[in-house]
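Here's the structure we're looking at; comments come further down.
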Amino acid sequence: MTRSSVSRRHVLALMGTCAGAALLSGTRAFAGVVPEGPRHGMSIFGELKYAKDFAHFDYVNPDAPKGGTLSQTSANGAFNASLLTFDTLNGYILKGNAPPRLDLIFDTLMVRAFDEPDAVYGLVAESVEMTGSNTLTFHLRPEARFHDGTPLTAKDVSFSFGLLKDKGHPLISINLREMKDVKALDATTVEITFTGEQTRDLPLMMASTLPIFSQAYYSTQEFDQTTLEPPLGSGPYKIGTFKVGDNINYERVDNYWARDLNVNRGTWNFERLRLEFFRDRTAGFESFSSGHTLFREEFTSKVWATQYNFPAVKDGRVVQLILPDHTPSGAQGWFINARREKFADPRVREALTLAFDFEWTNKNLFYGLYLRTSSFFENSPMRAEGLPSAVELALLTPFRNELTPIAFGPAVGAPVSDGSGQNRRLLRRAAKLLEEAGWTIQDGIRRNAKGEALTIEFLGDDPVFQRVEGPYAKNLRQLGIEAKSRLVDSAQFQDRIKSYDFDFTVQRYSLGLTPGIEMRSYWGSEFANEPGSRNLCGIANLAIDALIELVIAAKTRDEQIVAARALDRCLRAGHYWVPQWYKASYSLAFWDIYERPAVAPLYDRGVEQTWWVNKDKAAKLGLEG
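Letter by letter, the sequence shown follows residues 776 to 1400 in this note's numbering.
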């Protein structure tokens, strides 16, 4: 694919020449997202499940008791969060490694409903309305308070959004560029004006769910610096005790101002959310099996299949539970740093994909528990299949000069081996691709015309992948490629990822059922060299940029699905990654002191937000309840 660096305005102008331009009409206003007149919620396509005066979300127990501790290792994090350690309590800048879930201490204008694809409902903002073609006005609840009792006002909202736009993590600041101005009209009214170039989901996915900071607090604190001073928040939890790199406790705020609002009823039931940090998964499992941590989501198939036989499992004190995951499984794989010259040719990247034998790996290492990932939108309707439909083809055709012909054929799928661990057919094909790309065998080593050897370093901070990388490296050596795993500490790993100092690295990310502006940070040209972005591969392609905008601009969910499928075809045709595996379920294990609502949220695990401790069970097991 042709690499390019173009402005988004240029992309939008070129989109006007393609059949998909019709998708753009009306997207510079918020029609559908926010009808005229104050409304209690927003959604991308305008539909809300819950009426204005709903009592609570359907997936909670409104009478759930409060108290007890949920202790676990974290499963995911955002922005500068690390799962293995932390050295700062500032989670919204590029610097440092923060603990996950700092979002618990900050309130937002609105909050997600996890039984709808993309709806948000009022928290700090009681309502929102469209007051101009590019202006939204949020009406705040006068009772909103920070943890020190001071009022949370429109000035704090205006200050916070400006601060994040100017000094926030690039994943926030760049996406906020189309937020032109934020004004506090009075203490409870904030007006957000956009440039006219904004996407429809910007107010929903960013502006309404950004953290609100105290202007008074940050008048004496440097926002863009790392710190171990717990910041002043307003959310359901505050930072309690912590030990850097070891653990952090989020303590429930007893006098939390919003505890009785309908969006919070039945939620945030734990008195304490405790995150433990371990350098490797073995230590984390031992902590759980010994009862030091009480909840665990298991990500290692071998452990799930063979090690949940310790006494507490056998006698029922520990429960194993598999819950369906209705969210898109997204993309997990070894992401290839195409910024590096040796990986710039897509034929080289395809050859590297052919050398990984998933079928052997799944049978011999994963106990057959996984499915192969092929799509960047895996486990969702946006996954491209077969030949492009007529509508997809109409979106792709204007960009024939920017795309490989492969994008116009059957959707690229992950190769299927014979399960031998060394599939000769695939390895011969890989060798041919490498030869065509100018990498020939010289004295048993794959070299280019300059005599440089083709080598690969797998960069990671978790040893669990080394057992998979070993057999993969063996196949690469059959091709004359020397490959090795390099394990570094979490801080060094984060720094190298932020600066794109790697060959291959494992990542998993997924988008929601209504993908939006976050796609730019995954695959957009302007993020290709922006430190700390999610565009790990360095993708910079005009067609991909344009298709991202078409997905964002879709007027209906059906149109968005079609545009996403076209985008998926282009990404897969570029061979930017070696796809790994997925399963559409959560594998959970926990000491039998926890209970959950009868109805689970469709689009979230729901544990931290909706589960609770059964104090009688906890007392019986002698655990904190």
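Built from N, CA and C at the ideal position, the CB exists for glycine as well.
Item                                                                                                                                                                                  : Value
Please say whether A888 and G816 have beta carbons closer to each other than 9 Å?                                                                                                     : yes
Answer with buried or exposed for E1177, where buried requires no fewer than 16 other C-beta atoms within 10 angstroms of its C-beta.                                                 : buried
For S902, I'd like the list of residues in its chain whose CB is within less than 7 Å of its CB, leaving aside the five on either flank, ordered along the chain.                     : P813, R814, H815, H914
By a C-beta neighbour count over all protein chains shown, 10 Å radius and 16 as the cutoff for buried, is P978 buried or exposed?                                                    : buried
Could you name the residues of the same chain whose beta carbon sits closer than 6 Å to that of T974, not counting the 5 residues immediately before and after it, in chain order?    : I1292, I1327
Would you kindly report the start and end of the unbroken alpha helix (DSSP H) that includes K1390?                                                                                   : 1390–1396
Please work out which residues of its chain come closer than 7 Å, Cβ to Cβ, to A853, disregarding the five sequence neighbours upstream and downstream, and give them in chain order. : none
Spatial neighbours of A1373 within its chain, please: C-beta separation below 8 Å, excluding the five flanking residues on both sides.                                                : N836
Using a Cβ distance threshold of 8 Å, determine whether the region 857–870 contacts the region 1356–1370, with at least three qualifying pairs required.                              : no
Quick check on the DSSP output: what are the complete beta strand (DSSP E) runs of length 3 or more inside the region 1246–1299, in order along the chain?                            : 1257–1262, 1279–1284
Could you tell me the distance, in whole angstroms, from the CA atom of D1391 to the CA atom of R1071?                                                                                : 21 Å
Which residue or residues does DSSP assign as beta-bridge partners of L1235?                                                                                                          : The sequence as given places Gly at residue 1235; Leu does not occur at that position. DSSP lists L1262 as partners of G1235.
Would you report the Cα separation of R1158 and D999, rounded to the nearest angstrom?                                                                                                : 39 Å
Identify every residue that forms a DSSP beta bridge with F1070.                                                                                                                      : F1365
Using the three-state DSSP reduction, which class does R952 fall into: helix, strand or coil?                                                                                         : coil
Please state whether DSSP places D931 in a helix, a strand or coil.                                                                                                                   : helix
Counting C-beta neighbours from all protein chains within 10 Å, is the total for N1139 16 or more, i.e. buried, or is it exposed?                                                     : exposed
Out of curiosity, what's the CA-to-CA distance linking P917 and T1102?                                                                                                                : 35 Å
Below 9 Å between beta carbons: does that hold for F861 and G1108?                                                                                                                    : no
Starting from E966, follow the beta strand (DSSP E) in both directions and report where the run begins and ends.                                                                      : 964–969
Taking its Cβ as the centre, do 16 or more other Cβ atoms sit within 10 Å of T970, making it buried, or is it exposed?                                                                : exposed
Put L859 into one of helix, strand or coil per three-state DSSP.                                                                                                                      : coil
Take L877 as the anchor and find which of P986, E1324, V886 has the nearest alpha-carbon.                                                                                             : P986
Determine, using beta-carbon pairs with one atom in the region 1267–1287 and one in the region 1086–1094, whether at least three such pairs fall under 8 Å.                           : no
So F829 and N1037 are in contact, right, with Cβ under 8 Å, and what is the actual spacing, rounded?                                                                                  : 6 Å
Do the region 1220–1230 and the region 1238–1255 touch if we need at least three Cβ pairs shorter than 8 Å?                                                                           : yes
What is the residue span of the beta strand (DSSP E) that K1013 lies within?                                                                                                          : 1012–1018
Go through its chain and collect everything with a Cβ distance to A1080's Cβ below 6 Å, but skip five positions before and after it.                                                  : Y1142
Inspect the beta-carbon positions of S1062 and E1051 and report whether they are closer than 9 Å.                                                                                     : yes
Can you tell me whether K1013 is buried or exposed, with buried defined as 16 or more other CB within 10 angstroms of its CB?                                                         : buried
In this structure, does DSSP put K940 in helix, strand or coil?                                                                                                                       : helix
Whose CA, out of V1166, S1149, E1153, D1379, lies closest to the CA of V1191?                                                                                                         : S1149
Grab me the residues of Y1405's own chain with a C-beta within less than 7 Å of its C-beta, minus the 5 sequence neighbours each way, in chain order.                                 : Since the first and last residues shown for the chain are 776 and 1400, residue 1405 lies out of range.
Relative to the C-alpha of R1049, which residue among W1298, S849, E1324, Y825 is closest?                                                                                            : S849
Considering only residues of the same chain and omitting the five flanking positions on each side of D1367, which have a CB-CB separation below 8 Å?                                  : G1091, R1092, V1093, V1094, K1392, L1396
Based on Cα-Cα distance, which residue from G1287, I1319, P1005, R1204 lies nearest to Y1378?                                                                                         : G1287
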